[in-house]
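Quick note on numbering: the sequence shown equals residues 36 to 173 in my numbering.
Just so it is clear, CB atoms sit at the ideal spot from N, CA and C, and this is done for glycine as well.
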Amino acid sequence: MIDAVTSTIYGLIALFFLPTGVKTEKAQSGWLTALQRIKSDHAFLLLCFNGLTMAFVFCQYHSSYPVFLEEEGHALRLFGILCGINGFMITFLEMPISALVRRFEPRWVIGIGSVLVSIGFGMNVWIGSLTGLVIGMI
């Protein structure tokens, strides 16, 4: 319910307060033109591929991670604790870290962040201890 309310508020803010984009000529606004532009934009395609691979990682986190933890002999409440650690870090560290890395080129920041997420999640395969799981979450 809270997510629905906050999403609605954001949608209304975006609708009424964000500036409109640059208008293009009718001849330049068709699907064929857009697809050709996307096909030639290699940086955008890499960003999309990165987003897709990260989506696989995060889908595993929500669907299979609790099952994995249980199969490794951990109490299911450990998943809640790890989610709490993750939420705490996002709440209190995301903005300061974003301010620090703003001076670097975005593709490097996105790439390194994606590699770190993958390493942290991949650690679970080899390190099943409680300490290892917490380190992987951090």
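- Of the other Cβ atoms in all chains shown, fewer than 16 fall within 10 Å of the Cβ of F123; this residue is therefore exposed.
- Boundaries of the alpha helix (DSSP H) harbouring D38: 37 to 52, taken from the DSSP string.
- Taking the C-beta atoms as reference points, L117 is found no nearer than 7 Å to M158.
- Around M36, the same chain offers no residue with a beta carbon nearer than 8 Å, after the five sequence neighbours per side are excluded.
- Contact check for S149 against N85 passes: the beta carbons are separated by less than 7 Å.
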